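Here is the structure we will look at.
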Amino acid sequence: DAKTTQPNSMESNEEEPVHLPCNHSTISGTDYIHWYRQLPSQGPEYVIHGLTSNVNNRMASLAIAEDRKSSTLILHRATLRDAAVYYCIQNSGNTGKLIFGQGTTLQVKP
Amino acid sequence: DAGVIQSPRHEVTEMGQEVTLRCKPISGHDYLFWYRQTMMRGLELLIYFNNNVPIDDSGMPEDRFSAKMPNASFSTLKIQPSEPRDSAVYFCASSLWTGVSNTGELFFGEGSRLTVL
């Protein structure tokens with residue numbers, strides 16, 4: 003299964019932007035990049051996904067490099083509630099099957 | 034919609050006992066996934082179904098684990114006999130495949146925390 007590389011942990015201050023990086027050097031032309039996050043004691047939840055161009059929604063923005071070998075999840079103003087494990091997933095199949103890596107644990111300091 | 038519903042939320046059992054975890058996916062979703070999460074191994078995909086048919090069970094750890102989906106609104110994950118190393122949080126997730134290139138968003142339940150003594 004395709005694998006992505008993320009830093010194990012990151013810290014941010016409340017109300018500041020956060021940029022969470024992800025490397026996916028084996029990505030192929032039809033693979034999407036998905037981001038999920040898992041709040042403490044909850045199941046993962048969808049954040050955003052994209053293919054080639056940058057994407058925005060109410061939760062975050064996704065910036066995808068031109069060569070698609072990396073991407074960055076951007077939280078524009080971190081809140082304490084954004085403290086979670088963030089998973090970057092490269093979907094290499096034609097199904098909804100998603101394989102989760104270890105993710106990045108984001109700490110948000112007041 | 035109430036979301037994906039899992040039961041029980043917590044289960045404590047003794048080694049050797051049979052454990053059955055249950056999942057009700059979101060109505061209308063055509064994919065159902067079972068994941069297991071531990072500190073050591075993270076989130077592992079055990080098995081997934083499409084239209085009630087098992088598609089890939091390569092993540093099921095051994096024959097003690099089995100999963101069924103008798104209809105579109107119910108699935109079970111059974112461990113028989115259970116062992117202490119099966120202690121984990123088991124998540125069920127469902128999605129609707131839109132047919133437009135890998136965009137089916139997964140909706141997760143709150144998980145079933147299993148402790149095998």
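For the protein sequence lines, the chains are P and D, in the order given.
For what it's worth, this note's numbering labels the leading residue of the first sequence as 3, then goes sequentially.
For what it's worth, this note's numbering labels the leading residue of the second sequence as 34, then goes sequentially.
Note that beta-carbon positions come from the ideal geometry of N, C-alpha and C, so glycine has one too.
It should be emphasised that the depicted structure is a prediction, and the values quoted were computed from it without experimental measurement.
Looking only at its own chain, which residues have a Cβ that is under 6 Å from the Cβ of Phe98/D, when we skip the five neighbours before and after it?
-> Ile112
Since Gln109/P meets chain D, which of its residues come closer than 9 Å, beta carbon to beta carbon?
-> Those do not exist, as Gln109/P stays about 17 Å from chain D at its closest Cβ, beyond 9 Å.
Where Leu53/P and Gln50/D are concerned, what is the direct C-alpha to C-alpha distance, given to the nearest angstrom?
-> Here the alpha carbon of Leu53/P sits roughly 46 Å from the alpha carbon of Gln50/D.
What does a CB cutoff of less than 6 Å around Pro19/P pick up in its chain, not counting 5 residues either side in sequence?
-> Excluding positions up to five away in sequence, the list reads His78.
Enumerate in chain order the residues of its own chain whose CB-to-CB distance from Gln70/D is below 7 Å, with the five nearest sequence positions on each side excluded.
-> Leu76, Ala121, Val122 and Phe124
Assigned secondary structure, Arg83/P (DSSP; H/G/I helix, E/B strand, else coil) = helix
Roughly how many angstroms lie between the CA atoms of Leu79/D and Pro94/D, to the nearest whole one?
-> 8 Å
Of the residues that make up the stretch 87-100 of chain D, which ones have a beta carbon closer than 8 Å to any beta carbon in chain P?
-> Ile88 and Asp89
Partners in chain D for Ile101/P, counting only beta-carbon separations shorter than 7 Å = Ordered by position in chain D, the residues that pass the 7 Å Cβ test against Ile101/P are Leu78.
The beta strand (DSSP E) enclosing His36/P, as first and last residue numbers | Tyr34 to Gln40
Residues in the stretch 42-53 of chain P having any Cβ partner in chain D nearer than 9 Å | Ser43, Gln44, Gly45, Pro46, Glu47, Tyr48, His51 and Leu53
Pull up the DSSP beta-bridge partners for Ser91/D, would you.
-> None, per the DSSP bridge assignment.
CA-CA distance, Leu65/D and Phe140/D?
-> 10 Å
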